[in-house]
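First residue of the first sequence? That's -8 in this note's numbering, and the numbers climb one at a time after it.
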Amino acid sequence: MEEKTDALPPIADFHAWYNEILRRAEIMDVRYPVKGLYVWYPYGFAIRKNTYNRLREILDVDHQETLFPLLIPDHEFMKEAEHIKGFEEEVYWVTRGGTSELDVKLALRPTSETSMYPMYALWIRSHADLPLKLYQVVNTFRYETKHTRPLIRLREITSFKEAHTVHCTWDDASAQVEEAVRLYTDFYSDLRVPVLISKRPDWDKFPGADYTIAVDTIMPDGRTLQIGTAHHLGTHFSKTFGIDYEDMNGEQQLAHQTCYGISERCIAAVISVHGDDTGLVLPPLVAPVQVVIIPIIIGKRGDEVMAAAETLKEELKAIGIRVELDSRDMRPGAKYYHWELRGVPLRLEIGPRDIDAGTIVAVDRFKQKQQIRSIREVPALLDEIQEAIAVRAEASMEEKIVICRTIEEIRSAVESGVAVVSWCGDRDCADRIEADTDASLLGTDLRGPHAAKVSGDACVICGKVGNAALVGRSY
RNA sequence: GGGGUCGUGGGGUAGCCUGGACUAUCCUAUUGCGUUCGGGACGCAGUGACCUGAGUUCGAAUCUCAGCGACCCCA
-8 MEEKTDALPP IADFHAWYNE ILRRAEIMDV RYPVKGLYVW YPYGFAIRKN
42 TYNRLREILD VDHQETLFPL LIPDHEFMKE AEHIKGFEEE VYWVTRGGTS
92 ELDVKLALRP TSETSMYPMY ALWIRSHADL PLKLYQVVNT FRYETKHTRP
142 LIRLREITSF KEAHTVHCTW DDASAQVEEA VRLYTDFYSD LRVPVLISKR
192 PDWDKFPGAD YTIAVDTIMP DGRTLQIGTA HHLGTHFSKT FGIDYEDMNG
242 EQQLAHQTCY GISERCIAAV ISVHGDDTGL VLPPLVAPVQ VVIIPIIIGK
292 RGDEVMAAAE TLKEELKAIG IRVELDSRDM RPGAKYYHWE LRGVPLRLEI
342 GPRDIDAGTI VAVDRFKQKQ QIRSIREVPA LLDEIQEAIA VRAEASMEEK
392 IVICRTIEEI RSAVESGVAV VSWCGDRDCA DRIEADTDAS LLGTDLRGPH
442 AAKVSGDACV ICGKVGNAAL VGRSY
């Protein structure tokens, strides 16, 4: 009876919640009439903009941004055998220009190795050109046949940040993979999204890589979401694309390469990991509106209140805060719900009582209310909220990670989270784990505090000495 | 990859089995006017839809086929 029929589905019903929040908070419009393609609403795009600005800041320290073509000629795309095998079922081909057939078919990049590396071969002449570290933020296309989902599984990935680096030695490239993992850890730490870092099993690495390090987070339903990968490409591509350099002794050497990427799944993670029954919860760093001002218009003092609210807004703007003044003709309560749904971290209310008392009411996204006397207190409040978001996210991820020593334990753990187990490294044992638990072996050589608890223990299947592995269901 | 359910104003539903002057209903949709405003206001008057195509038929939201799209389950 007291249940509101128009309430957002609870986040415990994650699928329903996710679909509803994308629409109601105006992040993506899923009604575009092609499967797997979606439209960014301006509000969603603003979240994307803020998020990618940070990603760019982090990369710009020692990478350069660039832009390569979307179309890749058939003969370049088909050069690297492993790579082709990994992508051939997912590539869109442009075969016609107007009414005439093209002599050379053109692939829409599913990722840009084969677009970039022919040029890398021209650009790189000597060891003095290395290391080369470039990145671009582009759309990529994959003909997904499985269930597509907005921000998570797309036919057009709209926001693929891909970095491609070139180094003299295998070890240099390996160090760069570690550097990439560090950058991504920083990035997700800024977004307050907790992550798990592991090495993808051999059979699951990037097509054409020596190895792949993956960054995953855990969604509210316990399934993992891969939100970043870093690949050591060895000389697979430099061989086929002829990327070599003259070393200090005047000898020609094959270059060693890495690539690493993050897509709009990072936005899905921010939305899902932080959200609650009321709606989005956005870290101030990426929130399109960091502070919303709600004027409390009562009776005859309306003009006075609006003037005070305007002043507040200008002052906040002046100190660099993204602020919105909601002067719409609605009840204040309706505005509270509106902005809470959209994840605004801090709300300021100002009415006649506050003007008389010289105070402002400040309410954070978790509904903690206090009175402040000056907008100078706002930055500190935003910092506190960002911290509170981090604490909550860490705690909820911790709940979903279970150390397991038997198949039974794994089976139960993956119902609502992930299992950390000891695994010997044998494919046969992995297959057994997967078959018996209805989950996947996501990664090995898991890093972080959980790994220490099982590393060196007996493999859950065969009993040989194993290493920490991650088992779970993934998106 | 296999199976299932479904597609009706901006959103949610009913109507379909048994074709007819059959459109209807709810909402945080939307337009105008007025009264309101410290946690989702109210009144009055409006707007707005049968996924696309083909077929059956005197007549299709309803039946048939195909396409496109959505969701769920299993591998």
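Yeah, the Cβ is synthetic: ideal placement off N, Cα and C, and Gly gets one too.
- Message: Looking at the secondary structure, which residues open and close the alpha helix (DSSP H) in which R383 lies?
- Response: Taking the first residue of the first sequence as 1, we reach residue 383 at position 392. From DSSP, the alpha helix (DSSP H) with R383 extends over 369 to 391.
- Message: If you follow the alpha helix (DSSP H) that V261 is in, where does it begin and where does it stop?
- Response: Translated into the one-based positions of the first sequence, residue 261 becomes position 270. Residues 256 to 265.
- Task: For E(-6), count neighbouring C-beta atoms within 10 Å of its own C-beta (all shown protein chains included) and say buried if the count is 16 or more, exposed if not.
- Result: In the first sequence, the residue the question calls residue -6 occupies position 3. Residue placement at E(-6) is poorly supported in this model, since its pLDDT is 38, which falls under 50; the coordinates still yield a value, given next. Result: exposed.
- Message: Let me check understanding here. Comparing Cα to Cα, which of C453, Y108, N10, A299 lies closest to V412?
- Response: Position 421 of the first sequence, counted from the start, is the residue given in the question as residue 412. Checking every option, the nearest Cα to that of V412 belongs to C453.
- Cα-Cα separation, R333 to Q377: As a position in the first sequence, residue 333 is number 342, starting the count at 1. As a position in the first sequence, residue 377 is number 386, starting the count at 1. Those two C-alpha atoms are separated by around 16 angstroms.
- Item | Beta-carbon proximity list for L461, same chain, < 7 angstroms, skipping 5 on both sides | The count along the first sequence starts at 1 and reaches residue 461 at position 470. Taken in chain order, the residues that qualify are L187, S189, V409, V411, L433, G434, L437.
- Message: On the DSSP letters alone, give me the boundaries of the beta strand (DSSP E) that A154 sits inside.
- Response: By 1-based counting over the first sequence, the position of residue 154 is 163. Residues 147 to 158.
- Query: Which one of H118, L97, E81, P192 has the shortest CA to CA distance from I148?
  - Reply: Position 157 of the first sequence holds residue 148. Out of H118, L97, E81, P192, E81 has the C-alpha closest to the C-alpha of I148.
- Item | Nearest-angstrom Cα separation, counted from M110 out to R191 | As a working note, residue 191 is residue 200 in the first sequence. As a working note, residue 110 is residue 119 in the first sequence. Going by the C-alpha atoms only, they are around 29 angstroms apart.
- Item | Burial state of W114, where buried means 16 or more other Cβ atoms lie within 10 Å | Residue mapping note: residue 114 aligns to position 123 of the first sequence, counting from 1. That one is exposed.
- Query: Tell me the DSSP bridge mates of C250?
  - Reply: Position 259 of the first sequence holds residue 250. According to DSSP, which records beta bridges pairwise, C250 is partnered with H155, H222.
- By Cβ distance below 6 angstroms, which residues in the same chain neighbour D429 in space, the five residues on each side in sequence not counted? Along the first sequence, one-based indexing puts residue 429 at 438. Here the set comprises nothing.
- Alpha carbon to alpha carbon, how far is P323 from R338? Give it in angstroms, no decimals. Taking the first residue of the first sequence as position 1, residue 338 is located at position 347. Taking the first residue of the first sequence as position 1, residue 323 is located at position 332. Approximately 11 angstroms, taken between the alpha carbons.
- DSSP three-state call for E340: helix, strand or coil? As a first step, residue 340 is located in the first sequence; it is residue number 349 there, counting from the start. In the structure shown, E340 sits in a strand (DSSP, three-state: E or B).
- Task: Taking only the alpha-carbon atoms, compute the straight-line gap between P275 and G89 and give it to the nearest angstrom.
- Result: By 1-based counting over the first sequence, the position of residue 275 is 284. By 1-based counting over the first sequence, the position of residue 89 is 98. Looking at the two C-alpha atoms, the distance is approximately 48 angstroms.
- Query: To the nearest whole angstrom, what separates the beta carbons of A278 and V335, a pair I think is in contact under 8 angstroms?
  - Reply: Here residue 278 refers to the residue found at position 287 when the first sequence is read from its first residue. Here residue 335 refers to the residue found at position 344 when the first sequence is read from its first residue. Confirmed, about 6 angstroms.
- Between E11 and the rest of its own chain, which residues show a CB-CB distance below 7 angstroms, the 5 nearest in sequence each way excluded? Residue mapping note: residue 11 aligns to position 20 of the first sequence, counting from 1. If we look at E11 and ignore the five residues flanking it on each side, its Cβ neighbours are L(-1), P0.
- Query: Are the CB atoms of A221 and L142 nearer to each other than 8 angstroms?
  - Reply: For this step, residue 221 is matched to residue 230 along the first sequence. For this step, residue 142 is matched to residue 151 along the first sequence. No, they are not a contact pair.
- Cβ-based neighbour list, I288, same chain, cut-off 6 angstroms, excluding 5 preceding and 5 following: Counting from 1 along the first sequence, the entry for residue 288 is found at position 297. Result list for I288: V296, in chain order.
- Message: I'd like the ranges of any beta strand (DSSP E) spanning at least 3 consecutive residues and lying wholly in the segment 105 to 141.
- Response: 123 to 132
- Query: Is the number of C-beta pairs between the segment 300 to 310 and the segment 237 to 247 that are closer than 8 angstroms three or more?
  - Reply: no
- Is DSSP giving M297 helix, strand or coil here? Along the first sequence, read from residue 1 onward, the residue named residue 297 stands at position 306. Helix, per DSSP.
- Message: DSSP three-state label for V168, please.
- Response: Along the first sequence, one-based indexing puts residue 168 at 177. Correct three-state label for V168: helix.
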